[in-house]
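Asks: As they're listed, the protein sequences go chains V and D. Per this note's numbering, residue 1 is the first one in the first sequence, and the count goes up by one each step. Per this note's numbering, residue 221 is the first one in the second sequence, and the count goes up by one each step. Ideal placement from N, C-alpha and C gives every residue a C-beta, glycine not left out. Owing to the predicted nature of the structure, the values given are computational and were not obtained by experimental measurement.
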Amino acid sequence: MSAQIFSRTANAYLRVSLIAIPLLLGGIIAALIGLYLSPWYTEAGVAKAQPIAFSHAHHVSQLKIDCRYCHNTVERAATAGFPATETCMSCHSQVWTTSPLLQPVRDSYQNNTPIIWNRIYDLPAFVYFNHSIHVAKGVGCTTCHGQIQTMALTAKAQPLYMGWCLGCHRDPAQNIRPRDQIFNVDYDVQSLPLAERQQLVVDYKIPTDGRLTNCYTCHR
Amino acid sequence: MTNAIPNRVLTRLLWLPLLLILSACHIDMYDQAKYKPNQPSDFFQDGRAMRAPVPNTVALGSFRPDSALATGKLNGELVTDLPPEITLNASLLAHGQIVFNAYCAPCHGLAGDGQGVIANRGPLVVPSYHTDRLRTMAVGYFFDVATNGINRMYGYGARITAEDRWAVVAYIRALQLSQNANVKALPPDDQTKVKAGQ
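Written out as C-alpha cells, the structure is:
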C-alpha cells in the first residue's frame, strides 16, 4: 500500500483556507488603505511642534488681526507669504518685549538669521498651487486651512489628497463664497443657498468647461 | 511543446512582481532638486533658499526717487495731493478701508483714534489721526510714514504695494473727515438723522 499524500484533515484545511486567505488579503488591503487615510500618515489634524509656540487662536480669534497682516502676498503671489521676522517684530518690539517665548524672534531679528519653522502644508514639488487665484475667485482661507482661529498650535486641516482638490475643481459651487468674505474665518460657506453660490461661479468667471480638471492646471 | 519555456524558468521569475513594492518608495518626484519659497537651503551659507538683494542694489524699476507715486515726495517736498496715477473715487476708499483694517487697525484702531488692540496691550502711545496737526498734514506725510515708518512704527513699504498705501492715505483722510465733519455740510436727510441721534 502506497503512502497517503494528503492527511485526513487536508480537506478541512483547504476549506478553511479558501475563506481565510481572501479574508486575510482583504484585511491587509483594508488596513493599508486605512493607514493611507489616517492622520498618522496624512498628518491632518496633527499639530506640529514649532520653534516658537505661535497661536493662531490668540492672534486671529482674540486680537482679530487680519490674515493678510502676516500672509501679505496671498492676494498677489503663488505663496501666501510666510511672515518675515520684521513682521513679528512690528508688534513684538512693543508688546511682550521681554517674554522668553519670543527670544528666538528677537535673536532672529538681531542676528539676521532665519527662524526655521516646521512646514504644515507641504505640497509635492510637482503640484503648482497658487494662492492668489483661489483668493481672487472666491475660495476662502478656512476652506482649505480649516478653523484656524481655534488652533493654538497649527495643524493641517486636510490630508491634501488630489481627490479632495478635484472635488472643488469639478464642482466649484460647493465651496465658493463672496469675495468680501474671503478672510472672514467665521463665515460658513453653506450659509449661502446653492443657487446663489452657482451664480457666484458665473459672476467670478470660473471655467466649468472642464479646464479646471485638466492635468496641466496643477501639474506642469 | 518542445519550444515552451521550461516551468523551472517560470518559477524563478515569480519573484519579479515583488519589485513593484520597491517602486512605491522613491520620493524624488515629491522632493525635487529645486527650491520653493521659504524653503531652507543647505547650499547657501545663511540657510535660506530665498535670496536677499545684493547689498547696495535695487530691483529694476523699484528705485524711483523722482516719483511721487513711489515716495510721496516731489523735489524733496511732501506732496499735498494724490499722485496723478491714483484716481480718488469710492472704490479707492473702499479698497483703502480693507487695507487699513488689515495692516493699520491693529495699532491705529478701526477709527484711527490710536486705540487698536496692540496699542491697548503695550506701553506704547499710538497717535490719533484726529488732531489738528495731522488734519492739516500733507498726504505725502502719511504715505512716507506708511512706507518708511516713524518713531516706533516699522515701515510697511515692503509689505504693502505703493498703490495700496495711497488707498490707505485716502482712507485716512476719509476717517479724519468722519470724526470732524460739519453737520451743516450734510444733506438735509442726514442732518435730521443726526439731530434725532441716529
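Can you find a C-beta in chain V that's less than 8 Å from the C-beta of I306 (chain D)?
Replies: The residue given as residue 306 (chain D) occupies position 86 in the second sequence. False, the Cβ-Cβ gap to chain V never drops below 8 Å.
Asks: At the 8 Å Cβ level, is Y361 (chain D) part of the contact set with chain V, yes or no?
Replies: Translated into positions along the second sequence, residue 361 (chain D) becomes position 141. Not closer than 8 Å to any Cβ of chain V, the Cβ of Y361 (chain D) fails to qualify, so no.
Asks: Nearest to H71 (chain V) by alpha carbon, out of V:V189, V:K64 and V:A80?
Replies: Here residue 71 (chain V) corresponds to residue number 71 of the first sequence, with the count starting at 1. Of the candidates V:V189, V:K64 and V:A80, the one whose C-alpha sits nearest the C-alpha of H71 (chain V) is V:A80.
Asks: Taking only beta-carbon positions, decide if P260 (chain D) is within less than 8 Å of chain V.
Replies: Position 40 of the second sequence, counted from the start, is the residue given in the question as residue 260 (chain D). So yes, P260 (chain D) belongs to the interface.
Asks: In terms of alpha-carbon separation, which member of V:P83, V:G138, V:L25 and V:N111 lies closest to Y187 (chain V)?
Replies: The residue labelled residue 187 (chain V) in the question sits at position 187 within the first sequence. Per the Cα distances, V:G138.
Asks: DSSP beta-bridge partners for R15 (chain V)?
Replies: Here the question's residue 15 (chain V) lines up with position 15 in the first sequence. Beta bridge pairing from DSSP links R15 (chain V) with no other residue.
Asks: Contact between the stretch 299-307 of chain D and the stretch 358-371 of chain D: three or more CB pairs below 8 Å?
Replies: yes
Asks: Quick one: list the residues of chain V neighbouring K254 (chain D), beta-carbon separation under 9 Å, in chain order.
Replies: Taking the first residue of the second sequence as position 1, residue 254 (chain D) is located at position 34. What K254 (chain D) touches in chain V: A125.
Asks: My guess is that A416 (chain D) and R385 (chain D) are in contact by the Cβ rule of under 8 Å, so how many angstroms apart are they, rounded?
Replies: Numbered from its first residue, the second sequence carries residue 416 (chain D) at position 196. Numbered from its first residue, the second sequence carries residue 385 (chain D) at position 165. About 38 Å; that fails the 8 Å criterion.
Asks: Measuring CA to CA, which of D:R379, D:N227 and D:P407 is closest to V319 (chain D)?
Replies: Within the second sequence, residue 319 (chain D) is the residue found at index 99, counting from 1. Considering only alpha carbons, the answer is D:R379.
Asks: With 16 as the cutoff for other CB atoms within 10 Å, does N321 (chain D) come out buried or exposed?
Replies: By 1-based counting over the second sequence, the position of residue 321 (chain D) is 101. By the 10 Å Cβ count, N321 (chain D) comes out buried.
Asks: Here's the rule: buried if 16 or more other CB atoms are within 10 angstroms of the residue's CB, otherwise exposed. What is F126 (chain V)?
Replies: Numbered from 1 along the first sequence, position 126 holds the residue referred to as residue 126 (chain V). Per the 10 Å Cβ criterion, exposed.
Asks: Going along chain V in order, which residues have a C-beta closer than 9 Å to the C-beta of Y391 (chain D)?
Replies: For this step, residue 391 (chain D) is matched to residue 171 along the second sequence. By Cβ distance, chain V contributes nothing, its closest Cβ being about 15 Å from Y391 (chain D), past 9 Å.
Asks: Using three-state DSSP, classify M221 (chain D) as helix, strand or coil.
Replies: The count along the second sequence starts at 1 and reaches residue 221 (chain D) at position 1. The predicted position of M221 (chain D) is uncertain, since its pLDDT is 47 and thus under 50; a value taken from the coordinates is nonetheless stated next. It is coil, neither helix nor strand.
Asks: Roughly how many whole angstroms lie between the Cα atoms of A20 (chain V) and S7 (chain V)?
Replies: Locating residue 20 (chain V) in the first sequence gives position 20, where the first residue counts as 1. Locating residue 7 (chain V) in the first sequence gives position 7, where the first residue counts as 1. Going from the Cα of A20 (chain V) to the Cα of S7 (chain V) covers about 20 Å.
Asks: Can you say whether Q69 (chain V) is buried or exposed, counting buried as having 16 or more other CB atoms within 10 angstroms of its CB?
Replies: The sequence position of residue 69 (chain V) within the first sequence is 69, counting from 1. Here the sequence assigns Tyr to residue 69 (chain V), which means Gln is not the residue at that position. By the 10 Å Cβ count, Y69 (chain V) comes out buried.
Asks: Enumerate in chain order the residues of its own chain whose CB-to-CB distance from S99 (chain V) is below 7 Å, with the five nearest sequence positions on each side excluded.
Replies: Here residue 99 (chain V) refers to the residue found at position 99 when the first sequence is read from its first residue. Excluding residues within five positions, none has a Cβ falling inside 7 Å.
Asks: So which of V:H134, V:G26 and V:G45 has the shortest CA-CA distance to R177 (chain V)?
Replies: Position 177 of the first sequence, counting from 1, holds the residue named residue 177 (chain V). Comparing Cα positions, the closest option is V:H134.
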